[in-house]
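Structure, as C-alpha cells:
Number of protein chains: 2
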Amino acid sequence: MLKFVSLLLALSFCQGLQHNNIDDYVEAEPVFEASKYGSLWPLPQKVQISEVSFKLTSSSFRIVDAKASSAGPSCSLLQSAYRRYYEYMFGSAKKQWWSKNNRRSDPSDLSELQVWITSPDSECDGYPSVTSDESCEYLPFLVHVMFYGGIQSGLETFSQLVFEDEYGAKSINAAIINDFPRFQHRGILLDSSRHFLPIKVILANLETMAMNKFNVFHWHIVDDQSFPYLSRTFPQLSEQGAYHPYTHVYTPADVKMVIEFARLRGIRVIPEFDTPGHTQSWGKGQKDLLTPCYSGSKPSGSFGPVNPILNTTYDFMAQFFTEISTVFPDGYVHLGGDEVDFTCWKSNPDIQKFMEQQHFGDDYRKLESFYIQKLLDIVTSTKKGYLIWQEVFDNGVKLKPDTVVHVWIGGGSDKEMSSVTAAGYTTILSAPWYLDYISYGQDWQKYYKVEPLNFEGTDEQKKLVIGGEACLWGEYVDATNLTPRLWPRASAVAERLWSAKDVTDIGDAFNRLSLHRCRMVERGIPAEPLFSSYCPHEYKGV
Amino acid sequence: MLKFVSLLLALSFCQGLQHNNIDDYVEAEPVFEASKYGSLWPLPQKVQISEVSFKLTSSSFRIVDAKASSAGPSCSLLQSAYRRYYEYMFGSAKKQWWSKNNRRSDPSDLSELQVWITSPDSECDGYPSVTSDESCEYLPFLVHVMFYGGIQSGLETFSQLVFEDEYGAKSINAAIINDFPRFQHRGILLDSSRHFLPIKVILANLETMAMNKFNVFHWHIVDDQSFPYLSRTFPQLSEQGAYHPYTHVYTPADVKMVIEFARLRGIRVIPEFDTPGHTQSWGKGQKDLLTPCYSGSKPSGSFGPVNPILNTTYDFMAQFFTEISTVFPDGYVHLGGDEVDFTCWKSNPDIQKFMEQQHFGDDYRKLESFYIQKLLDIVTSTKKGYLIWQEVFDNGVKLKPDTVVHVWIGGGSDKEMSSVTAAGYTTILSAPWYLDYISYGQDWQKYYKVEPLNFEGTDEQKKLVIGGEACLWGEYVDATNLTPRLWPRASAVAERLWSAKDVTDIGDAFNRLSLHRCRMVERGIPAEPLFSSYCPHEYKGV
Numbered sequence: 001m002l003k004f005v006s007l008l009l010a011l012s013f014c015q016g017l018q019h020n021n022i023d024d025y026v027e028a029e030p031v032f033e034a035s036k037y038g039s040l041w042p043l044p045q046k047v048q049i050s051e052v053s054f055k056l057t058s059s060s061f062r063i064v065d066a067k068a069s070s071a072g073p074s075c076s077l078l079q080s081a082y083r084r085y086y087e088y089m090f091g092s093a094k095k096q097w098w099s100k101n102n103r104r105s106d107p108s109d110l111s112e113l114q115v116w117i118t119s120p121d122s123e124c125d126g127y128p129s130v131t132s133d134e135s136c137e138y139l140p141f142l143v144h145v146m147f148y149g150g151i152q153s154g155l156e157t158f159s160q161l162v163f164e165d166e167y168g169a170k171s172i173n174a175a176i177i178n179d180f181p182r183f184q185h186r187g188i189l190l191d192s193s194r195h196f197l198p199i200k201v202i203l204a205n206l207e208t209m210a211m212n213k214f215n216v217f218h219w220h221i222v223d224d225q226s227f228p229y230l231s232r233t234f235p236q237l238s239e240q241g242a243y244h245p246y247t248h249v250y251t252p253a254d255v256k257m258v259i260e261f262a263r264l265r266g267i268r269v270i271p272e273f274d275t276p277g278h279t280q281s282w283g284k285g286q287k288d289l290l291t292p293c294y295s296g297s298k299p300s301g302s303f304g305p306v307n308p309i310l311n312t313t314y315d316f317m318a319q320f321f322t323e324i325s326t327v328f329p330d331g332y333v334h335l336g337g338d339e340v341d342f343t344c345w346k347s348n349p350d351i352q353k354f355m356e357q358q359h360f361g362d363d364y365r366k367l368e369s370f371y372i373q374k375l376l377d378i379v380t381s382t383k384k385g386y387l388i389w390q391e392v393f394d395n396g397v398k399l400k401p402d403t404v405v406h407v408w409i410g411g412g413s414d415k416e417m418s419s420v421t422a423a424g425y426t427t428i429l430s431a432p433w434y435l436d437y438i439s440y441g442q443d444w445q446k447y448y449k450v451e452p453l454n455f456e457g458t459d460e461q462k463k464l465v466i467g468g469e470a471c472l473w474g475e476y477v478d479a480t481n482l483t484p485r486l487w488p489r490a491s492a493v494a495e496r497l498w499s500a501k502d503v504t505d506i507g508d509a510f511n512r513l514s515l516h517r518c519r520m521v522e523r524g525i526p527a528e529p530l531f532s533s534y535c536p537h538e539y540k541g542v
Numbered sequence: 001m002l003k004f005v006s007l008l009l010a011l012s013f014c015q016g017l018q019h020n021n022i023d024d025y026v027e028a029e030p031v032f033e034a035s036k037y038g039s040l041w042p043l044p045q046k047v048q049i050s051e052v053s054f055k056l057t058s059s060s061f062r063i064v065d066a067k068a069s070s071a072g073p074s075c076s077l078l079q080s081a082y083r084r085y086y087e088y089m090f091g092s093a094k095k096q097w098w099s100k101n102n103r104r105s106d107p108s109d110l111s112e113l114q115v116w117i118t119s120p121d122s123e124c125d126g127y128p129s130v131t132s133d134e135s136c137e138y139l140p141f142l143v144h145v146m147f148y149g150g151i152q153s154g155l156e157t158f159s160q161l162v163f164e165d166e167y168g169a170k171s172i173n174a175a176i177i178n179d180f181p182r183f184q185h186r187g188i189l190l191d192s193s194r195h196f197l198p199i200k201v202i203l204a205n206l207e208t209m210a211m212n213k214f215n216v217f218h219w220h221i222v223d224d225q226s227f228p229y230l231s232r233t234f235p236q237l238s239e240q241g242a243y244h245p246y247t248h249v250y251t252p253a254d255v256k257m258v259i260e261f262a263r264l265r266g267i268r269v270i271p272e273f274d275t276p277g278h279t280q281s282w283g284k285g286q287k288d289l290l291t292p293c294y295s296g297s298k299p300s301g302s303f304g305p306v307n308p309i310l311n312t313t314y315d316f317m318a319q320f321f322t323e324i325s326t327v328f329p330d331g332y333v334h335l336g337g338d339e340v341d342f343t344c345w346k347s348n349p350d351i352q353k354f355m356e357q358q359h360f361g362d363d364y365r366k367l368e369s370f371y372i373q374k375l376l377d378i379v380t381s382t383k384k385g386y387l388i389w390q391e392v393f394d395n396g397v398k399l400k401p402d403t404v405v406h407v408w409i410g411g412g413s414d415k416e417m418s419s420v421t422a423a424g425y426t427t428i429l430s431a432p433w434y435l436d437y438i439s440y441g442q443d444w445q446k447y448y449k450v451e452p453l454n455f456e457g458t459d460e461q462k463k464l465v466i467g468g469e470a471c472l473w474g475e476y477v478d479a480t481n482l483t484p485r486l487w488p489r490a491s492a493v494a495e496r497l498w499s500a501k502d503v504t505d506i507g508d509a510f511n512r513l514s515l516h517r518c519r520m521v522e523r524g525i526p527a528e529p530l531f532s533s534y535c536p537h538e539y540k541g542v
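Below, the structure written as C-alpha cells:
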C-alpha cells in the first residue's frame with residue numbers, strides 16, 4: 001500500500017551547499033535545504049510523493065510501451081526518447097553491466113516504466129505545434145499521455161524523480177503527478193548572426209531546453225552582422241553575407257538536423273528573418289535589395305533598410321519566403337520588424353518621391369507599414385502564420401487575427417501587454433528576459449519573479465498571452481561562453497512559464513534549482529553555479 | 001637586407017569583425033582594423049617589424065639551442081617549451097607531414113629559431129622568483145635571453161609573430177624586439193574554496209596565463225566554504241573541511257603537478273592560507289582552533305575567527321606553515337588577514353578576560369594584530385616572505401620591511417597606495433581588478449584604463465609598486481564558466497602590467513586583443529568574444 005503524502009526526498013545527489021554556522025559572517029548567504037519536491041524543475045502542476053521507494057538497476061530497468069498504448073515499436077521518436085532517458089539515468093553507472101546475471105532479484109526493485117499513449121501512432125512522425133497537448137499523467141510507474149507532446153515532459157519528470165541513495169543505488173519514490181504547462185509557448189532565442197554558433201552548440205542547447213521543458217527554439221538566424229543561412233534559391237546571400245561561406249554557414253542538411261533533433265524533444269523551430277531593418281548582411285549578396293543612402297545629392301555608398309519601393313524587392317521576398325516555408329515545417333515564421341531607422345530612407349530622393357505619390361507626408365512609419373503589409377501578404381500566401389516584434393503592432397500595420405505580437409521593450413512592457421491584448425492579438429513576452437544583459441549575483445531571481453499576466457486587462461486579454469521567450473542576443477556570446485551564460489538563468493524562465501502561478505517561493509526554487517543545475521552538469525551541460533557550492537560530479541570540461 | 005620599419009602585418013588570421021557601412025545603425029560598434037602590431041599581446045616594449053617575410057613549414061622548422069647558448073639538451077624546461085610552441089604554431093597543420101620529402105626547398109623558408117641563453121645551465125631546474133629576469137631580446141631569428149625567466153615570453157612573442165598568409169602558409173615577418181615587463185608581479189587569483197576547481201581547469205588557466213605573460217598564480221586555496229588542501233600533517237582538515245574528502249581535494253601529487261606545470265611556464269605559485277577570518281572550514285577538522293561564539297553566558301554552538309588566545313593555536317600554525325613552506329617552493333606565502341569580524345570575539349568571556357589582561361581596552365584590532373604578529377613570526381621562522389591583505393597594514397601590525405601589502409579595497413585604493421608606499425612597503429594592486437564583478441558590455445576597457453601608479457607619491461614610492469593581480473573570486477564560477485569569464489578580460493590586466501606606461505590606445509588594443517582572443521580559442525581555450533565577430537576556427541567545445 002502506498003501512502004501518498006508530500007514527503008522529503010532522501011537526496012544524496014548533490015547535498016549541495018555548505019551548512020556553515022557563520023554568525024560572524026556578514027554576507028547573506030543562501031542556505032541550501034532539501035526541498036520536499038526534491039530536484040523537480042520546473043515544478044509539475046500537481047505532485048504527491050510517497051514514502052515508499054524502489055531501486056532501479058541499469059541491467060534490468062526498461063522503459064516500455066504499455067499494452068494499451070497506441071504506439072508501436074516503429075515509432076523512432078519514442079524509442080530514441082527511451083534511450084536518451086535511460087542514458088541520463090544510468091549513463092554514469094556503466095560498471096554494473098557485469099552484475100546482470102549473478103545478482104539476486106529484489107522485490108523492491110522497479111523493473112519498468114510503462115508509457116501509454118492514447119493518440120494514434122501516425123502522430124509519431126509529426127512536428128510539435130502551437131496546439132500540441134503536452135499534458136501528462138504520471139502514476140507509479142506509468143506515464144500516461146494523450147498525445148506525443150506529453151512524452152518529453154513525462155520522461156523528464158520521471159528521470160528527475162530518480163536519485164542516488166547513500167549507497168549510490170538509483171532509487172525512486174512512488175509518486176502521483178498531474179502535469180501540464182501553464183503557457184503554451186516557452187521559447188529560447190539564440191542569435192547566430194552576431195556570432196556564428198556551431199551546430200554542436202545549438203544541439204547541446206536544444207538538449208538542455210528539453211531538460212527544462214522549453215518547447216520553442218526561436219532561431220534568430222541572420223541579422224546585420226552575418227547571413228549564415230545557406231539558401232538554395234539565393235546561395236549568394238551566404239556566399240557574400242556569411243562571415244565565411246564554408247565554415248560559418250548552415251547548410252540545408254544542418255538545418256534539417258537541427259529541426260529533427262528539436263522534433264525528437266518536442267521542440268518547435270521558428271526561424272526569424274528580420275526585415276526591413278537588421279539586413280546589412282543581406283545586401284552583400286542581393287544587389288538592389290537595400291536602400292542606397294544619400295549624402296546630399298549623391299549616393300554615399302552605404303545602405304539602409306530593405307528598399308520598399310521596388311517591385312524586385314517583393315519578387316525576391318516571395319521567392320525567399322517560399323523556400324523558408326518548405327525548409328521550416330513549423331506553422332509560424334518570425335518576421336522581425338524591429339528597430340527600423342528612417343535616416344537612410346529620408347536621404348534617398350526616390351524614396352522621397354514615392355512618399356509623395358503615396359500621400360505618406362513625412363510619416364515614415366507609413367512607409368514601413370506599406371512594406372510590412374506586403375510582406376505579410378506574401379508570407380500568408382505560403383500558408384504560414386507569423387510572429388512580429390512589437391513595433392509592427394505599435395505602428396498600426398494591419399495584422400491577421402492570428403498574428404503573434406512579440407513584446408520586447410523593457411520599461412513599458414506592462415502597458416504594451418495591455419494594449420496588444422486589448423486589440424485582440426495573441427502575444428508572447430520577452431521584455432524582462434533579455435539574458436544577454438548580465439550583472440553580478442543571482443539574477444535568476446529577477447527573471448523568476450516576473451509574472452507575465454501582471455498587467456491591466458480582462459480575463460479574455462490574459463488568455464491571449466500564450467507564453468514568453470528568454471532571449472540571448474549574440475553580441476557577447478559565442479561557442480566559448482553561450483551555454484554557461486544561458487543555464488541555469490533560463491531555467492528560471494522555464495519554471496515561470498511551465499509551473500502554476502503560485503509557485504513563487506524563492507527559497508524553495510533555490511533548493512530545487514541547485515540540484516537541477518548539478519543534474520544538467522552531470523548530463524554534460526556546463527550550467528553555471530547559483531552560488532558557492534559543489535556538485536558530486538563536477539563538469540569535466542574546461 | 002632587411003629594412004626595419006613599422007609596417008602592417010598581412011594578417012589573414014582572423015580578419016575579424018565585419019566592416020559594415022552602417023550609416024543608419026545607431027549603436028556605436030567598435031570597428032576592427034589590423035593593428036600595425038598585428039596580434040602581439042601584451043605589446044612588447046620595443047617592436048620593429050620589417051616588410052620581409054619568411055615561410056615556416058611544419059616538416060622542417062625547428063626551435064634549437066644557439067651554439068653560444070649555455071643550455072644543454074638535458075634542460076627539460078627548454079625542451080618542453082620548444083615542443084609547446086611548435087604545437088601552438090603547427091598544431092592544426094598536421095596534414096602536411098607527408099609533404100616532407102617531396103617538396104622543393106625554398107630560399108624564403110625560415111628553417112629555425114635559435115634560442116640563446118647566457119645564464120648557467122644549472123638554473124634550468126630552478127623556480128621562478130620575485131627577482132627573475134624576464135627580459136628578452138629578439139632578432140631575426142634568434143631569441144636571446146640572459147636568464148631562464150625570459151624563455152616563456154620570448155617564445156610566446158615569436159609565436160605571436162607567426163601568421164597564416166592568404167594560402168594558409170605559416171609566415172613571419174622579420175622583426176627586432178626588445179622586451180621586458182614593466183612590473184615584476186603579474187598575477188591571477190583563483191579561488192578553489194567557494195567552488196572546487198578540478199586540476200584540469202587550473203592547468204588550462206596556467207597555460208592561458210603564460211600566453212598572456214602572467215607570472216604569478218595566487219592560489220586562494222581554502223576559505224570558509226571548503227578546505228580542499230590535503231595536508232600531510234593535518235589530514236583531518238580536508239577530511240572534514242572539503243566538500244568531499246576524495247573527489248574535492250588537492251592531494252600532494254596534485255599540488256606538485258600544478259607547481260611543476262607552472263614552473264615550466266615561468267609562473268610562480270603563491271598559496272594563500274587566509275587567517276584569522278575566512279576559516280570556517282578549518283574548524284571542522286581542527287578542534288579548538290576557532291573561537292566559540294557565545295549568546296549570553298552560553299556557547300551558541302557556532303564559531304568565529306581563529307582563537308588567538310590559546311597556545312594550541314600557535315602550535316598548530318607553526319606545524320601547518322612548516323609543511324606549507326616545504327610543499328610550496330616559492331619564497332612567499334600569502335597570509336590573508338582580511339575581513340576579520342569581531343562579533344564572535346566580543347561575545348566570548350575568555351577573550352574578554354584576555355583583552356583586559358593585555359590592556360587592549362575595547363580595541364579588537366589590537367587582538368587581531370596580536371594574532372597576526374605571532375603568525376608572521378612563525379612564518380618568518382620558516383624562511384618565507386609574506387603577502388598580506390591591506391587590513392593588516394591598516395591595523396598597524398608590525399611588518400617585516402620586505403612584506404608585500406596587497407591593496408584590494410575599491411574606492412580608496414589611490415589613497416591606500418599612497419599610504420602603504422609612504423610607509424615604505426612594497427605593494428601590489430588588485431582593487432580595480434576584481435573580475436568576479438561582471439557587467440554588460442566591454443568591461444575589459446575599464447580594466448585596461450587603470451594606471452597603477454596614478455596616486456600621490458614620490459618616485460621612490462612608485463618604485464615600491466611591484467605589480468598587481470586580477471582576482472576571480474569563486475562565488476559564481478566553477479569549472480563550467482571560469483575560463484571564458486577570465487579570458488580575455490584578464491588579458492587587459494596583463495597588458496597593463498607588462499607593457500610600457502604609454503600603451504593606452506583603446507582602439508589599437510581592441511584590434512590586437514580581438515586577434516589574441518582568437519589565438520587563445522585556436523589553442524583550445526574558450527576565451528569569450530569582445531564583441532560581434534568571428535574566429536576562423538571557432539571553439540570546438542560547447
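As you go down the protein sequences, you meet chains A and B in turn.
In terms of full-length UniProt numbering, the first sequence is numbered consecutively and its last residue is 542.
In terms of full-length UniProt numbering, the second sequence is numbered consecutively and its last residue is 542.
Ideal placement from N, C-alpha and C gives every residue a C-beta, glycine not left out.
Under 7 angstroms Cβ-Cβ, which residues of chain A neighbour residue i?
{"i": "B:THR483", "result": "VAL542"}
{"i": "B:PRO526", "result": "THR480, ASN481 and VAL542"}
Can you tell me which residues form a DSSP beta bridge with residue i?
{"i": "A:VAL407", "result": "A:LEU429"}
{"i": "B:TRP219", "result": "B:LEU190 and B:PRO271"}
If we cut at 9 angstroms on Cβ distances, does residue i have a partner in chain A?
{"i": "B:ALA175", "result": "no"}
{"i": "B:GLN225", "result": "yes"}
{"i": "B:PHE196", "result": "yes"}
{"i": "B:VAL477", "result": "yes"}
{"i": "B:GLU538", "result": "yes"}
Pick helix, strand or coil for residue i, following the three-state DSSP scheme.
{"i": "B:ASP224", "result": "coil"}
{"i": "B:HIS278", "result": "coil"}
{"i": "B:GLY168", "result": "coil"}
{"i": "A:ASN178", "result": "strand"}
{"i": "B:THR322", "result": "helix"}
{"i": "A:VAL503", "result": "coil"}
{"i": "A:GLU469", "result": "strand"}
{"i": "A:HIS359", "result": "coil"}
Please confirm whether residue i has its beta-carbon closer than 9 angstroms to some beta-carbon of chain B.
{"i": "A:SER533", "result": "yes"}
{"i": "A:SER439", "result": "yes"}
{"i": "A:HIS516", "result": "no"}
{"i": "A:TYR86", "result": "no"}
Under a Cβ-count criterion, where at least 16 other Cβ atoms within 10 Å of its own Cβ denotes burial, should residue i be classed as buried or exposed?
{"i": "B:HIS359", "result": "exposed"}
{"i": "B:TYR447", "result": "buried"}
{"i": "A:ASP315", "result": "exposed"}
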